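Positions -8 to 335 (the numbering used here) are the ones given, in order, by the sequence shown. From the three backbone atoms N, C-alpha and C, an ideal C-beta is built for every residue, glycine too. Note that the coordinates shown come from a computational prediction; the quantities given were computed from them, not determined experimentally. Below: the structure, in structure tokens.
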Amino acid sequence: MRPEIAQKEIWVICETNDGIVASASYELLGKACELARGKDCKVGAVLLGYQISGYAKDLIAAGADVVYLVDHSELDEYNDYVYSRLISDLVKTHRPFIVLMAATVHGRAIAPQVAAALKTGLTADCTGLTLDDNGQLVQTRPAFGENLMAEVICPATLPQMATVRPKTMPMPSMDYNRTGEIIFIPYKPKGPAPLRLLSKKKTGSEFSLSDAEIIIAGGAGIGSREGFEKLKELANAIGCSVGASRGAVNAQYADYSIQIGQTGITVRPKLYIALGISGAIQHIAGIKASGYVIAVNTDPNASIFDYADYGIVCDYREVLDYLASELLSNGRLETSRLDQAFKQ
């Protein structure tokens, strides 16, 4: 898209999970409002799906000035081919100068296809966004094995596109007194998609890692995949999620899908329990918004203790039984009891 024909709109491509708008979409709307403030820009929210019209008021309350809805029964099941073509067509028609998506499984699948269709650039997995006086989106992301933070701009083409890691931006306050425009976009099928969903199977933890209030995470010190299976047993028993450090993933003790850190998932739990994690700066970047951090490590000089609220120097196996027996209440872990305990 040529810069001279772009509109002064910042778009957030929203998504839903289990019937509700994903928290990452609200985070991006809050950031879009921050970018637009004082810049004579509007914030647009785009939502595709089925029976989604009721979400428009929530998106406006979160900061959208305009909500673009594509509501059709054929969009009930997510299909990245169909969704990416729809989004590309919408961008070509309405010409926003910035398009943001969450770096979720869906966002990471759709964004490259949209960028390719629009012949523009894409910065993936951003952890920071600013808008300079020239309207350039300055996109910050980890680089060179997470050892540096790079600032990326896309000066030659529009829209400027980025995916942003969930939990790296604060949630906006909801203002239901706000007003905004709702635009219903008719859905026009373009023939069958080359891929069709036949079935779905849920894998991994029963509890979402990115939205978890309590996380038990293991590092290379866990020593084996069997050790992580024990962590999962405890997590399933007390209703929390299991995470892993990059060291544990590199050692093949855990899957990348639960890696926490700059090249993994950013989390914001009320309680983060780090077992056998040394505390590399890349890992700390992914947990710095946690409420409380409890670290367990055999090395008293481990960097994780510099960031922990509570530290225990011992083998992680010595505390598993304690966690199971002391923190359970009627088979579940109660964060209210933890909050009360830590305030004493």
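Notebook entry, point to check: Which residue spans inside the segment 40 to 121 form an unbroken alpha helix (DSSP H) run of at least 4?
Noted result: 47 to 52, 71 to 85 and 96 to 109
Checklist line | Delimiting residues of the alpha helix (DSSP H) encompassing glutamate 25 | finding: 14 to 27
Note to self: Quick check on cysteine 5: buried or exposed, where buried means 16 or more other Cβ atoms within 10 Å of its Cβ?
What the structure shows: buried
Note to self: Within 10 Å of its beta-carbon, does serine 164 have 16 or more other beta-carbons around it, so buried, or fewer, so exposed?
What the structure shows: exposed
Next item on the list: Determine the DSSP secondary structure at serine 196, reduced to helix, strand or coil.
Entry: Below a pLDDT of 50, predicted positions are generally treated as unreliable, and serine 196, at 48, falls in that range; the measurement from the model is reported next regardless. Serine 196 falls in the coil class under three-state DSSP.
Item checked: Nonlocal neighbours in the same chain, by C-beta distance under 7 Å from histidine 63, ignoring five residues either side -> Tyr41 and Tyr178
Next item on the list: Look at alanine 299 and alanine 265 and say whether their C-beta atoms are less than 9 Å apart.
Entry: yes
Note to self: Is it the case that the segment 269 to 278 contacts the segment 253 to 261, given that we only count it when at least three CB pairs across the two stretches are under 8 Å?
What the structure shows: yes
Item checked: Buried or exposed by the 16-neighbour rule on C-beta atoms within 10 Å, applied to glutamate 197 -> A caution first: glutamate 197 carries a pLDDT of 43, below 50, which makes its placement in the model too unreliable to give a value.
Next item on the list: Please state whether DSSP places lysine 223 in a helix, a strand or coil.
Entry: helix
Notebook entry, point to check: If valine 61 sits next to leucine 91, beta carbons under 8 Å apart, how far is it from one beta carbon to the other, in whole angstroms?
Noted result: Between leucine 91 and valine 61 the Cβ distance is about 18 Å, and since that is not below 8 Å, they are no contact.
Item checked: Where isoleucine 268 falls: helix, strand or coil (DSSP) -> coil
Notebook entry, point to check: So, using beta-carbon positions, are tyrosine 307 and tyrosine 283 closer together than 9 Å?
Noted result: no
Next item on the list: May I ask which residues mark the beginning and end of the alpha helix (DSSP H) holding isoleucine 295?
Entry: 295 to 298
Next item on the list: Give the C-beta separation of glycine 21 and tyrosine 59 to the nearest angstrom, bearing in mind that I take them to be a contact with Cβ-Cβ under 8 Å.
Entry: Between tyrosine 59 and glycine 21 the Cβ distance is about 18 Å, and since that is not below 8 Å, they are no contact.
Next item on the list: Out of Ser294, Lys30 and Thr154, point me to the one whose CA is closest to aspartate 124's CA.
Entry: Lys30
Checklist line | For tyrosine 74 and isoleucine 43, believed in contact at Cβ under 8 Å, the rounded distance | finding: Between tyrosine 74 and isoleucine 43 the Cβ distance is about 13 Å, and since that is not below 8 Å, they are no contact.
Check: Any chance the segment 166 to 176 sits against the segment 229 to 236, with 3 or more Cβ pairs inside 8 Å?
Finding: no
Next item on the list: Report all residues from its chain with a CB closer than 8 Å to the CB of tyrosine 244; omit the five preceding and five following residues, and keep chain order.
Entry: Gly209, Ala211, Ile213, Gly214, Ser215, Arg216, Gly218, Phe219 and Ala235
Checklist line | Candidates Gly267, Leu113 and Val155, of which the one nearest leucine 311 by Cα | finding: Gly267
Next item on the list: Using three-state DSSP, classify glutamine 273 as helix, strand or coil.
Entry: helix
Check: Is it buried or exposed for asparagine 288, if we count other Cβ within 10 angstroms and need 16 for buried?
Finding: buried
Margin query: Buried or exposed for serine 199, going by 16 or more other Cβ atoms inside 10 Å?
Written below: exposed
Notebook entry, point to check: Between isoleucine 89 and the rest of its own chain, which residues show a CB-CB distance below 7 Å, the 5 nearest in sequence each way excluded?
Noted result: Ile1, Trp2, Leu128, Pro150 and Gln151
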